[in-house]
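Data first, discussion second: the structure below is written as structure tokens.
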Amino acid sequence: MPQQENMPDIIEFDRPRISPSIIMVTGVGGGGSNAVNHMFDLGIADVSFMVCNTDRQALYRSPVPIKVRLGESLTQGLGAGNNPERGREAALESLDEIVEIYKREGTKMVFITAGMGGGTGTGAAPVIAKAAKELGILTVAIVTLPFKTEGPKRMKHAYEGIDELRQYVDSLLLINNENIQDIYGKLTLSEAFGKADDILATAAKSIAEVITRDNTVNVDFADVQTVMKDSGIALMGSGRASGDDRAMKVADAALASPLLNHNDIIGARNILINITSGEEEITLEETYLITEYIQTRSGNNADIIWGAGTDEALGQDIEVTIIATGFDIDTLPQSFDRMTSSPLQARIDSSVLQEDVPAGDEVPAEEETPAAEIPRRHGPFAPRPRWTPPTENSAAPQGMNPLQDRPGFNRPVQPGVQKPGAGESQAGVPGQNPFGMPGGQNANAAGGSNPLSRPAAAPQVIEAKRPDSDVNIDELENVPAFVRRNMKFVKDSSDEGGRATRVVLKDDAPQNDNPGGGSLFD
């Protein structure tokens, strides 16, 4: 009988404690700790939490039970003073305590969250990540880039911190805070940082629930490890949808997630898809539509692992989580162009026609700086080299002219109309007829003036590039309107025998009798 009384105790131990022993989310610094506090309040199942900070007051306010004060003797609990090196030294001082917690909890996967650009998060996150990876823990970092309004120094620190962090993690998810305003519109300061915390929480929660949920088509820890171990940059998206055509809607919503900058997963070698349905279970056809759509958007070269399960709390909705990894550095989507000046503006600035400067004056050096020498951002996400136009004697690459399908470009030359040479300025040279119109040379020889040439006193204009490279405003303005509209020069037979030839522009549309609209030369 005593043995029967002890049986309920044995049954209770039959179910292992999963949450603290497998996944731990570690918040580092002020931004990372705020995100972990938010996740803790959400009550994510089967996940344990830890916050690490140099700020004693911030640790005191945190509801998370496991807390580590970094660099207690170095910082005295007063923070890192926006100095990443001080944050790094503080983490090294407290590293043994952090390692002991990971060992005690039996952690197999750790999420390290941090807001990059400050002192503690930028300096301490790489130290903690390196220690976790050396323990054999699957290490995933989810970090944010600062808002542009936080200043260039903070941005520089962020890129330097990311450059170091990516060496010590299996997978790195980057979230650009600058996208928050684009997605959510005008927000107060507290709302903007709240959205950043929401996005960090969504990323960690989605990946954790892929592992911890008991699905019909199961995705276990080994599947996640296959996709994320030593995978480098990772992109993740999550979306929900219901109603008609919900399969396509939810796939598109996942790819439009703020976690997936610019919806671009092209070049991914591994993709994990987790599909969860509510009261109305997903059909086999809907599963096929979702996986095929995502495969197509990735470039049809990715290995896909997918799972499916149910969660009654979703009601009529279905939810899809996507994790894409294995990007080559050359195919990595350029997700952070907003952190530098506009590429279009850079092209415009580099191609503005410069007027002559009076003798003795010098052009300021900054006006002569080529676009290629414009300072770029730091870190591993510098833009790929832009294609440069070929020289006159080289063959033009196929498919590189973005204007080839626009009306008026690359069309056959009409009779009586000669296109200027590749090196000629379309503004013309005094004494020459830039369009080679019939009778132009005879008129000049007889002492007449070319009606299209600029006045002789006009300043010399630097030659404009022909529109066979990147589109910009100046190049479009330098193309005559009649060329863009494909209008033709037609010789007026009523003036035969005259010294000057009357030429008119003809269009397919009905002509009016307005002298300013139908006749170019009178």
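Under UniProt numbering, the sequence shown is numbered contiguously, ending at residue 522.
In this text, a Cβ means the ideal position worked out from N, Cα and C, and glycines have one as well.
Just so you know, these numbers come straight off a predicted model, no measurement behind them.
For residue 60, count the other beta carbons within 10 Å of its own beta carbon; 16 or more makes it buried, fewer makes it exposed. Which is it?
Against the sequence shown, residue 60 aligns to sequence position 60. Answer is exposed; the Cβ neighbour count stays below 16.
Can you give me the Cβ contacts of residue 322 inside the same chain, cut-off strictly under 6 Å, excluding the 5 residues immediately before and after it?
As a first step, residue 322 is located in the sequence shown; it is residue number 322 there, counting from the start. Taken in chain order, the residues that qualify are 237, 254 and 273.
Residue burial classification, residue 170 (beta-carbon count within 10 angstroms, cutoff 16)
Counting from 1 along the sequence shown, the entry for residue 170 is found at position 170. With 16 or more other Cβ atoms within 10 Å, it is buried.
For residue 297, which residues of its own chain have a beta-carbon under 8 Å away from its beta-carbon, when the five flanking residues on both sides are left out?
Working through the sequence shown from its first residue, we reach residue 297 at position 297. If we look at residue 297 and ignore the five residues flanking it on each side, its Cβ neighbours are 255, 263, 265 and 266.
Please name the residue in 115, 138, 128 and 22 whose C-alpha comes closest to that of residue 231.
For the purposes of this step, residue 231 is taken as the residue at position 231 of the sequence shown. Measuring from the Cα of residue 231, the nearest candidate turns out to be 138.
For residue 98, which residues of its own chain have a beta-carbon under 7 Å away from its beta-carbon, when the five flanking residues on both sides are left out?
Within the sequence shown, numbered from 1, the residue matching residue 98 stands at position 98. Hits under 7 Å: 52, 68, 128 and 131.
For the alpha helix (DSSP H) containing residue 80, list its first residue and its last residue.
Reading the sequence shown from its first residue, position 80 is the one you call residue 80. From DSSP, residue 80 is part of no alpha helix (DSSP H); its letter is neither H nor E.
Please go through the same chain and pick out, in chain order, the residues whose beta-carbon is closer than 6 Å to the beta-carbon of residue 277, but skip the five residues on each side of it.
Start at 1 with the first residue of the sequence shown, and residue 277 comes out as number 277. These residues qualify, in order along the chain: 310 and 318.
Could you give the DSSP three-state label for residue 100: helix, strand or coil?
In the sequence shown, counting from the first residue as 1, residue 100 sits at position 100. Helix.
If you draw a straight line from the C-alpha of residue 228 to the C-alpha of residue 120, how long is it?
For the purposes of this step, residue 228 is taken as the residue at position 228 of the sequence shown. For the purposes of this step, residue 120 is taken as the residue at position 120 of the sequence shown. The alpha-carbon atoms of residue 228 and residue 120 are separated by roughly 26 Å.
Report yes or no: do the region 138 to 148 and the region 171 to 180 share at least 3 C-beta pairs separated by less than 8 Å?
yes
The region 29 to 37 / the region 108 to 122 touching (three or more Cβ pairs under 8 Å):
yes
Using 8 Å for Cβ pairs, my map puts residue 91 next to residue 136. What's the rounded Cβ distance?
Here residue 91 corresponds to residue number 91 of the sequence shown, with the count starting at 1. Here residue 136 corresponds to residue number 136 of the sequence shown, with the count starting at 1. Not quite, the Cβ-Cβ distance comes to about 20 Å (not below 8 Å), so this is no contact.
Measuring alpha carbon to alpha carbon, tell me which residue in 149, 160 and 102 is nearest residue 88.
Indexing the sequence shown from 1 puts residue 88 at position 88. Closest option to residue 88, Cα to Cα, is 160.
Pick from 286, 226, 224 and 235: whose alpha carbon is nearest that of residue 247?
To locate residue 247, count along the sequence shown from 1; it is residue 247. Here the closest residue by C-alpha is 286.
Please report the straight-line C-alpha distance between residue 332 and residue 291, rounded to a whole angstrom.
The sequence position of residue 332 within the sequence shown is 332, counting from 1. The sequence position of residue 291 within the sequence shown is 291, counting from 1. Unreliable positioning characterises residue 332 in this predicted model, as indicated by a pLDDT of 40, which lies under 50. The coordinate reading is nonetheless provided below. Roughly 21 Å between the two C-alpha positions.
Pick helix, strand or coil for residue 369, following the three-state DSSP scheme.
One-based indexing of the sequence shown puts residue 369 at position 369. With a pLDDT of 44 at residue 369, under the threshold of 50, the predicted position of this residue should be treated as unreliable, though the coordinate-derived value follows. Note: residue 369 maps to coil in three-state DSSP.
Alpha-carbon to alpha-carbon, residue 283 and residue 49
Taking the sequence shown and counting its residues from 1, one reaches residue 49 at position 49. Taking the sequence shown and counting its residues from 1, one reaches residue 283 at position 283. Straight-line Cα distance between these residues: approximately 36 Å.
Mind checking residue 233: buried by the 16 CB within 10 Å criterion, or exposed?
As a first step, residue 233 is located in the sequence shown; it is residue number 233 there, counting from the start. Answer is buried; the Cβ neighbour count reaches 16.
Opening and closing residue of the alpha helix (DSSP H) in which residue 182 lies
As a position in the sequence shown, residue 182 is number 182, starting the count at 1. Here the alpha helix (DSSP H) through residue 182 covers 178 to 184.
The beta strand (DSSP E) enclosing residue 145, as first and last residue numbers
Position 145 of the sequence shown, counted from the start, is the residue given in the question as residue 145. Segment 138 to 145, the beta strand (DSSP E) holding residue 145.
Please return the same chain residues whose Cβ sits closer than 6 Å to the Cβ of residue 157, not counting the five positions on each side in sequence.
On the sequence shown, residue 157 is found 157 positions in, with the first residue counted as 1. Answer for residue 157: 84, 117 and 122, listed in chain order.
With DSSP as the reference, label residue 242 as helix, strand or coil.
As a first step, residue 242 is located in the sequence shown; it is residue number 242 there, counting from the start. Correct three-state label for residue 242: coil.
Helix, strand or coil for residue 323? Go by DSSP, reduced to three states.
Residue numbering aside, residue 323 sits at position 323 when the sequence shown is read from its first letter. Three-state DSSP puts residue 323 in a strand.
Run the CB neighbour count on residue 404, radius 10 Å, all protein chains shown included, and call it buried at 16 or more, exposed below.
For the purposes of this step, residue 404 is taken as the residue at position 404 of the sequence shown. Its pLDDT being 42, under 50, residue 404 is placed unreliably in this model, and the coordinates cannot settle the point.
Let me confirm a value: residue 313 is counted as buried when at least 16 other C-beta atoms fall within 10 Å, else exposed. Which label applies?
Position 313 of the sequence shown holds residue 313. It counts as exposed.
What would DSSP say about residue 188, mapped onto helix, strand or coil?
Here residue 188 refers to the residue found at position 188 of the sequence shown. Residue state, collapsed to three classes: coil.
Measure the beta-carbon distance from residue 44 to residue 221 and round it to whole angstroms, keeping in mind my assumption that it falls under 8 Å.
To locate residue 44, count along the sequence shown from 1; it is residue 44. To locate residue 221, count along the sequence shown from 1; it is residue 221. No, residue 44 and residue 221 are not in contact; Cβ-Cβ is about 16 Å, not under 8 Å.
Beta strand (DSSP E) segment containing residue 120, residue limits:
Here the question's residue 120 lines up with position 120 in the sequence shown. Unbroken run through residue 120 is the alpha helix (DSSP H), 120 to 134; no beta strand (DSSP E).
Distance, residue 245 Cα to residue 38 Cα:
Here residue 38 refers to the residue found at position 38 of the sequence shown. Here residue 245 refers to the residue found at position 245 of the sequence shown. Between residue 38 and residue 245, the C-alpha separation is close to 33 Å.
Determine the DSSP secondary structure at residue 33, reduced to helix, strand or coil.
One-based indexing of the sequence shown puts residue 33 at position 33. Residue state, collapsed to three classes: helix.
In terms of DSSP beta bridges, what is residue 210 paired with?
Sequence index remark: in the sequence shown, residue 210 carries index 210 (1-based). The partner list for residue 210 (beta bridge, DSSP) is empty, contrary to what the question assumes.
Measure the CB-CB distance between residue 270 and residue 302 and report whether it falls below 8 Å.
What you label residue 270 is simply residue 270 of the sequence shown in a count that begins at 1. What you label residue 302 is simply residue 302 of the sequence shown in a count that begins at 1. Yes, the Cβ-Cβ distance between residue 270 and residue 302 is below 8 Å.
Considering only residues of the same chain and omitting the five flanking positions on each side of residue 25, which have a CB-CB separation below 7 Å?
On the sequence shown, residue 25 is found 25 positions in, with the first residue counted as 1. Excluding sequence neighbours, residue 25 sits near 36, 39, 47, 49, 111, 113 and 204.
If we ignore side chains and look at the alpha-carbon of each, how far apart do residue 316 and residue 168 end up?
Mapped onto the sequence shown, residue 316 falls at position 316. Mapped onto the sequence shown, residue 168 falls at position 168. Their Cα atoms are separated by approximately 41 Å.
Residue 217, DSSP secondary structure in three states:
Here residue 217 is taken as the residue at index 217 of the sequence shown, counted from 1. Strand, per DSSP.
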